[in-house]
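Beneath this line is the structure, given in structure tokens, with notes to follow.
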Amino acid sequence: TEKRIEVRSGMENGSVYLEVQDHGIGIAPEDRQKVFEKFHRVSDALVHNTKGSGLGLTLVKHIVEAHHGHIELDSKPGRGSCFRLAFPGTVQTAKESG
């Protein structure tokens, strides 16, 4: 089965953002904040065969916050999840940065 992930980036309201969207099983509303906690694994039967330590999203959140950004999660069970990482700032082209 082909698994597709979409990655988008851009600027909005004075922030630079990066979005990563999958088309997987999604995350239930009651688990959305917990997925950023250290060692948390969603208790859905569909993910029990997936390996992981529950550290990935915790690390991502800490890195984003260390750069004065924030992370948002939009997820629909059965349809997938979209993580949006937003950072304050503007985009410079290679020519502008010298």
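In the working numbering, the protein residues as written are -7 to 90. Beta carbons: idealized from backbone N, C-alpha and C, even for Gly. Note that this is a predicted model, so its numbers are computed, not measured.
Pop quiz: residue i and residue j are said to be a contact at Cβ under 8 angstroms. What is the actual Cβ separation, rounded to whole angstroms?
i: residue 65; j: residue 0; result: Not quite, the Cβ-Cβ distance comes to about 15 angstroms (not below 8 angstroms), so this is no contact.
i: residue 68; j: residue 50; result: Incorrect: roughly 23 angstroms between the Cβ atoms, too far for contact.
i: residue 15; j: residue 72; result: 4 angstroms
Buried or exposed for residue i, going by 16 or more other Cβ atoms inside 10 Å?
i: residue 75; result: buried
i: residue 77; result: buried
i: residue 61; result: buried
i: residue 53; result: buried
Return the chain-ordered list of same chain residues with a C-beta closer than 6 angstroms to the C-beta of residue i, the five sequence neighbours on each side being excluded.
i: residue 10; result: 1 and 77
i: residue 13; result: -2 and 74
i: residue 20; result: 69
i: residue 63; result: 53, 56 and 77
For residue i, which residues of its own chain have a beta-carbon under 8 angstroms away from its beta-carbon, when the five flanking residues on both sides are left out?
i: residue 70; result: 17 and 18
i: residue 91; result: Summary: the structure shown does not reach residue 91, with the chain confined to residues -7 through 90, and so no result is reported for it.
Who are residue i's beta bridge partners in DSSP?
i: residue 14; result: -3
i: residue 2; result: 9
Would the beta-carbon of residue i be found less than 8 angstroms away from any heavy atom of the ligand FMN?
i: residue 28; result: Absence of the ligand FMN from the depicted structure is noted, as is the absence of any ligand whatsoever, leaving it without description.
Please work out which residues of its chain come closer than 7 angstroms, Cβ to Cβ, to residue i, disregarding the five sequence neighbours upstream and downstream, and give them in chain order.
i: residue 6; result: 80
Whole beta strand (DSSP E) elements within the region 51 to 82, 3-residue minimum: 62 to 68 and 72 to 80
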